[in-house]
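Trainee: In my numbering, the protein residues as written are 5 to 166.
Handing you a structure now.
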Amino acid sequence: MKQFRKFDKELNTILLDDKYLFAYSKGDGFSHGLLSAEFVLDYEYNYTLELNAFQHNKITNNNSNSLIEKEKLTGRELELIENLLSSNYNSLKQEYDYEGLCITDIGSQQIFINLDKKTKYIHISDGLPIECFKTIAEKKLFELNEYFKEFVETKYTKWIAK
């Protein structure tokens with residue numbers, strides 16, 4: 005489902021397709037599930053969630069390495085996205101990472117926001133503490149990211165439960 009984003013060589017950044025308001029992408033790094041998740045939300049609050057996991061076709065309840073869910077967004081997920089969008093999200097950094105330390109094969113999350121006629125791209129490395137997020141907008145980002153990591157994990161757990 006990576007067709008929702010593209011790399012713009014001229015701007016040297018990743019852009020979200022114009023038909024989407026918000027996207028959340030998660031990779032769990034080199035872990036037990038080798039799970040990746042792509043969540044995209046259009047301007048009418050319809051979302052698509054795609055989970056992909058390496059060699060899972062024998063352990064999932066749909067006998068596949070992928071799961072796609074399409075629904076209307078409501079509840080806590082919508083509230084957290086709206087909270088972030090109503091904040092000063094343009095003040096957010098592009099990278100939230102460990103300072104002076106390089107850790108390979110850890111999970112990461114990417115958030116894409118399409119407002120103000122340009123894509124705001126944010127990359128977050130797994131495991132960063134709340135102390136790395138200082139402003140009100142950063143705290144909303146942290147809360148949304150933590151919630152969506154759990155949201156994806158819950159969907160994954162249900163997917164592999166036979």
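Glycine residues also receive a C-beta, built at the ideal position from the N, C-alpha and C atoms.
Since we're looking at a predicted model, the values are computed, not measured.
Helix, strand or coil for Ile110? Go by DSSP, reduced to three states.
Mentor: Here Ile110 sits in coil by DSSP.
Trainee: Pull up the DSSP beta-bridge partners for Ala41, would you.
Mentor: In the DSSP output, where bridge partners are listed per residue, Ala41 has Lys30 and Leu55.
Trainee: Kindly indicate the opening and closing residues of the alpha helix (DSSP H) around Lys13.
Mentor: Segment: none, Lys13 is in no alpha helix (DSSP H) and carries neither H nor E.
Trainee: Excluding the 5 residues preceding and the 5 following Leu53 in the sequence, name in chain order all residues of the same chain whose CB lies nearer than 6 Å to its CB.
Mentor: Phe43 and Glu73.
Trainee: As a quick exercise: from Glu147, Gly111 and Glu81, pick the residue whose alpha carbon is nearest that of Phe26.
Mentor: It is Glu81 whose Cα lies nearest to the Cα of Phe26.
Trainee: Provide the residue span of the beta strand (DSSP E) that contains Ile126, from first to last.
Mentor: From DSSP, the beta strand (DSSP E) with Ile126 extends over Lys122 to Ser129.
Trainee: Name, in chain order, the residues that DSSP records as bridge partners for Lys153.
Mentor: BP columns for Lys153 are empty, so no partner.
Trainee: Thinking C-alpha only, which one of Leu89, Ser68 and Ile140 is nearest Phe58?
Mentor: Checking every option, the nearest Cα to that of Phe58 belongs to Ser68.
Trainee: Pair every Cβ in the stretch 14 to 25 with every Cβ in the stretch 136 to 144, then say whether three or more of these pairs are closer than 8 Å.
Mentor: Touching, no, given that fewer than three Cβ pairs across the two stretches are closer than 8 Å.
Trainee: Let me make sure I understand the geometry here. Which of Phe137, Phe146 and Ala165 has the alpha-carbon closest to that of Tyr28?
Mentor: Of Phe137, Phe146 and Ala165, the residue nearest in Cα terms is Phe146.
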